[in-house]
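Peer 1: Protein chains in written order, with this note's numbering: chain Z, 89 to 320; chain F, 21 to 386. Structure incoming, see below.
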Amino acid sequence: MDVILEGILKAAQLLASLDSEVLGIALLSLKVSGLATLFSLVIGISVGTLVALTSFPGKKILVSVVNTGMGLPPVVVGLFVSIMLWRNGPLGYLELLYTPTAIVIAQTVIATPIVMGITIGAMQNLPANLRLQILALGATRRQMVMMLVREARLPLMAGVMAGFGGVISEVGASIMVGGNVRGYTRVLTTATVMETGRGNFDIAIALSVILLLFCFAVNYILTYIQQRERPR
Amino acid sequence: MTQQQNVLDLKGLRVDRGGVPVLDIPSFSLSENEFISLIGPNGAGKSTLLLSLLGLIKRSSGTVSYRGREIVNSADWLKVRRSIAMVLQEPLLFDATVFDNVASGLKIRGMGRGEIKSRVTSYLERFRLVDMAQRSARKLSGGEARRVSLARAFAVEPEVILFDEPFANLDPPTRQALTEDMDEVIRDRGIAAILVTHDQSEALRMSQRIVVMNGGRIVQEGPPAGVMNHPVNEFVANFVGMETILEGEVVGNRFQQMTVKVAGSEIDTVGEAQPGALVYCCIRPENVTVSTTTAGKKSSARNHFGGRVAGIASMGPFLKLRLDCGFPLTAYVTRESFAELALFEGKEIFASFKATSVHVIGRRAA
Numbered sequence: 089m090d091v092i093l094e095g096i097l098k099a100a101q102l103l104a105s106l107d108s109e110v111l112g113i114a115l116l117s118l119k120v121s122g123l124a125t126l127f128s129l130v131i132g133i134s135v136g137t138l139v140a141l142t143s144f145p146g147k148k149i150l151v152s153v154v155n156t157g158m159g160l161p162p163v164v165v166g167l168f169v170s171i172m173l174w175r176n177g178p179l180g181y182l183e184l185l186y187t188p189t190a191i192v193i194a195q196t197v198i199a200t201p202i203v204m205g206i207t208i209g210a211m212q213n214l215p216a217n218l219r220l221q222i223l224a225l226g227a228t229r230r231q232m233v234m235m236l237v238r239e240a241r242l243p244l245m246a247g248v249m250a251g252f253g254g255v256i257s258e259v260g261a262s263i264m265v266g267g268n269v270r271g272y273t274r275v276l277t278t279a280t281v282m283e284t285g286r287g288n289f290d291i292a293i294a295l296s297v298i299l300l301l302f303c304f305a306v307n308y309i310l311t312y313i314q315q316r317e318r319p320r
Numbered sequence: 021m022t023q024q025q026n027v028l029d030l031k032g033l034r035v036d037r038g039g040v041p042v043l044d045i046p047s048f049s050l051s052e053n054e055f056i057s058l059i060g061p062n063g064a065g066k067s068t069l070l071l072s073l074l075g076l077i078k079r080s081s082g083t084v085s086y087r088g089r090e091i092v093n094s095a096d097w098l099k100v101r102r103s104i105a106m107v108l109q110e111p112l113l114f115d116a117t118v119f120d121n122v123a124s125g126l127k128i129r130g131m132g133r134g135e136i137k138s139r140v141t142s143y144l145e146r147f148r149l150v151d152m153a154q155r156s157a158r159k160l161s162g163g164e165a166r167r168v169s170l171a172r173a174f175a176v177e178p179e180v181i182l183f184d185e186p187f188a189n190l191d192p193p194t195r196q197a198l199t200e201d202m203d204e205v206i207r208d209r210g211i212a213a214i215l216v217t218h219d220q221s222e223a224l225r226m227s228q229r230i231v232v233m234n235g236g237r238i239v240q241e242g243p244p245a246g247v248m249n250h251p252v253n254e255f256v257a258n259f260v261g262m263e264t265i266l267e268g269e270v271v272g273n274r275f276q277q278m279t280v281k282v283a284g285s286e287i288d289t290v291g292e293a294q295p296g297a298l299v300y301c302c303i304r305p306e307n308v309t310v311s312t313t314t315a316g317k318k319s320s321a322r323n324h325f326g327g328r329v330a331g332i333a334s335m336g337p338f339l340k341l342r343l344d345c346g347f348p349l350t351a352y353v354t355r356e357s358f359a360e361l362a363l364f365e366g367k368e369i370f371a372s373f374k375a376t377s378v379h380v381i382g383r384r385a386a
């Protein structure tokens, strides 16, 4: 029990003193996962909307693939991205392996199917005739798509939460493609794994608390927007 | 007299679904200021026809023209859709305030803020929605939501408006109020309209023309009284009902004892319409009594007309008589009465019916 109590006390000290290394790790996590979420939103919402609004042969298979992708194991993504970025790999010439960019790429791959799957679901849940009604109002196709996305905005926010929550807390891909290089590619999750392995529970707990705070903060903000938007 | 221009013209339209034709209409048109009611059973193709007029459904063949110009490409369609409004069965409001919903068509057209505000405000007033302008559309009752969807459609000030059963599943008073509001705007602005409806009296009251559809085809079209009184086949007859429908004009009203002039005769009815009002008198065949003497005149029935039997048709346990009293009238008699009165085609008879059994519905000038 002492381990935990001591750990929590030390963690509180670290947090209170704004330890520069801990702070750096936290900021990098936020930056990397924030960027990955942003990219996944751009790709996921646009492709997801396109898939939901058009019909083509093989659509059911594609949607199943996307839905499977929503639970993509991060280590598998880590492996795949590692191979792609490996020195002799197809994209090796970019020399991205063990850089923060590599983590952003891997996390984008993880978050995109999540956002895309939720987008497809949200768009397909809109009333079938809404498209006709919007077009009958004189909308161009572009205007129609924008209006449909607007109508689906609340479930889409759930997509943002799920995407960000998924990538900020994953560790497998980050450690494989980032390498946990101190002061360069070390993020909250990879640092937690390392410190725990070394028996430095105090630092590990401090990092975990920050991780939880991030998750909570993002979800709180989005829930707040949803509640304000949702008619009372 | 100038020839009335057609607003919409449809030629050789065919729509197939999975290789099966669901709509086959050689020609159909809507003229300026015209109000058409489209009736027919579910699956007759009424909604498909409306969607075809907006280019919102894939046609296998056929052309649609707007004011004489054929609609060819998507730019044409967009222009046409901005001149035609459509109200669907469900209100399909946006997740926004009532104001923003009514403004949506105007925003799509890129209208300026100030102009939108004044236009929306005037239509909110017109549809009695001012008090709920800032309310969320998701919190409205069924009737309120329909009202908003009507206001949204009219706010773009369309030249044509298409209604696909806009009042389905509403209680009668709400339905009545909405119909009146909609009718008023349509008349005020001289909008041409097509209404899909299952309500026969709604069709009679509002339209100059009734189009009956079945199985993707138009089976009959014409002025309401014509279609109702002279159905071309068994299907139309069963669908529009069996009532006699007479075009008339109110010539007197004293304490709601109304007199309606129909084809040179005067029919006593009850109602609130004032002299000069154009109406339909609807009389159900089971309410018409046939006799061979004037003895019936001593009853409480207010209407007695001499005439003759113009046609006899068997309806199982009873017979359907077509009577000619200067205007057409249909009556049911049992086989026993038929035998006792010794009726035959051409026989002189007296027909009577009560003032209270005449159902009076307002109508538009043809």
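Think of the CB as a built atom: it goes at the ideal place given N, C-alpha and C, for glycine as much as any other residue.
#1: Would you list, in sequence order, the uninterrupted alpha helix (DSSP H) runs of no fewer than 4 residues that lie entirely inside the stretch 120-180 of chain F?
#2: Does DSSP put M21 of chain F in a helix, a strand or coil?
#3: Taking the C-alpha atoms as reference points, what is the distance between L93 of chain Z and I293 of chain Z?
#4: Taking only three categories from DSSP, how would you classify G324 of chain Z?
#5: Between A305 of chain Z and chain F, is any beta-carbon pair separated by less than 9 Å?
#6: Report the rounded CA-to-CA distance for T279 of chain F versus G268 of chain F, giving the unit in angstroms.
#7: Across which residues does DSSP place A106 of chain F in a beta bridge pair?
#8: Check whether the stretch 57-70 of chain F touches the stretch 177-197 of chain Z, taking contact to mean three or more Cβ pairs, one atom from each stretch, closer than 8 Å.
#9: At a threshold of 8 Å, does E356 of chain F count as lining the ligand GTP (C-beta to nearest heavy atom)?
#10: By the 7 Å beta-carbon criterion, what residues does the stretch 200-225 of chain Z contribute toward chain F?
#11: Any beta carbon of chain F sitting closer than 9 Å to that of L242 of chain Z?
#12: Sort F:F347, F:A116 and F:T376 by Cα distance to R238 of chain Z and report the nearest one.
#13: I think V207 of chain Z touches G136 of chain Z, with their Cβ atoms under 8 Å apart; what is that distance to the nearest whole Å?
#14: So what does DSSP say about G146 of chain Z, is it helix, strand or coil?
#15: Could you compute how far the alpha carbon of Q221 of chain Z sits from the alpha carbon of N121 of chain F?
#16: Leaving out five residues before and five after A385 of chain F in sequence, what residues of the same chain have Cβ atoms less than 7 Å from its Cβ?
#17: Taking Cβ to Cβ, would you say K31 of chain F is nearer than 9 Å to G88 of chain F?
#18: According to DSSP, G268 of chain F sits in a beta bridge with which residue or residues?
#19: Since I230 of chain F and S49 of chain F should fall inside the 8 Å C-beta cutoff, what is the C-beta to C-beta distance between them, to a whole number of angstroms?
#20: Thinking just about the alpha-carbon of each residue, which of F:L108, F:G162 and F:V150 is nearest to the one in P215 of chain Z?
#21: Would you mind listing the beta strand (DSSP E) stretches within the stretch 190-223 of chain F that are 3+ residues and don't spill past its ends, in chain order?
#22: Starting from the C-beta of R355 of chain F, find all residues in its chain whose C-beta is less than 8 Å away, skip the five residues before and the five after it, and write them out in chain order.
#23: Excluding the five sequence neighbours on either side, which residues of its own chain have a C-beta within less than 7 Å of the C-beta of Q314 of chain Z, listed in chain order?
#24: Which of the three DSSP states is assigned to D107 of chain Z in this structure?
#25: Here's the rule I'm using: 16 or more other beta-carbon atoms within 10 Å means buried, otherwise exposed. How should P178 of chain F be labelled?
#26: Give me, in chain order, the residues of the same chain whose beta-carbon lies closer than 7 Å to that of I198 of chain Z; leave out the 5 immediate sequence neighbours on both sides.
#27: Pull up the CB-CB distance for I128 of chain F and Q212 of chain Z, whole angstroms please, since I reckon it's below 8 Å.
#28: Where does P244 of chain F sit, in a helix, a strand or coil, going by DSSP?
#29: In this structure, how does DSSP classify F168 of chain Z when only helix, strand and coil are distinguished?
#30: For chain F, find out if any of its Cβ atoms is closer than 9 Å to the Cβ of M245 of chain Z; answer yes or no.
#31: Expressed to the nearest angstrom, what Euclidean distance is found between the alpha-carbon atoms of M21 of chain F and R166 of chain F?
#32: What's the call for M264 of chain Z, buried or exposed, on a 16-neighbour Cβ count within 10 Å?
#33: Give the secondary structure of S296 of chain Z by DSSP, where H, G and I count as helix, E and B as strand, and everything else as coil.
#34: Is the distance from the Cβ of V140 of chain F to the Cβ of A105 of chain F below 9 Å?
#35: Would you say M278 of chain F lies against chain Z (beta-carbon separation less than 9 Å)?
#36: If we define contact as Cβ-Cβ less than 9 Å, is Q25 of chain F a contact residue for chain Z?
Peer 2: From the atom records:
#1: 133-146 and 162-175
#2: With a pLDDT of only 38 at M21 of chain F, under the threshold of 50, the placement of this residue in the model should not be trusted, and no figure is reported.
#3: 10 Å
#4: Only positions 89 to 320 of chain Z appear in this structure, which leaves residue 324 of chain Z out of reach.
#5: no
#6: 10 Å
#7: Correcting the residue type first, residue 106 of chain F is Met in the shown sequence and not Ala. According to DSSP, M106 of chain F bridges with F:L182.
#8: no
#9: With respect to the ligand GTP, the structure offers nothing, as it holds no ligand at all.
#10: P215, N217, L218, L220, Q221, L223, A224 and L225
#11: yes
#12: F:A116
#13: Checking the displayed sequence, the identity of residue 207 of chain Z turns out to be Thr instead of Val. Their Cβ separation, rounded to whole angstroms, is 3 Å, which keeps T207 of chain Z and G136 of chain Z in contact under 8 Å.
#14: coil
#15: 12 Å
#16: L298
#17: no
#18: F:V299
#19: The Cβ separation is near 15 Å, so there is no contact.
#20: F:L108
#21: 212-216
#22: P337, F338 and L339
#23: L242 and M245
#24: coil
#25: buried
#26: L160, P162, V165, G254, V255, E258 and A261
#27: Incorrect: roughly 23 Å between the Cβ atoms, too far for contact.
#28: helix
#29: helix
#30: no
#31: Confidence at M21 of chain F is low in this model, with a pLDDT of 38, below 50, so its placement is unreliable and the value that follows should be read with caution. Spanning the two alpha carbons is a distance of roughly 39 Å.
#32: buried
#33: helix
#34: no
#35: no
#36: no
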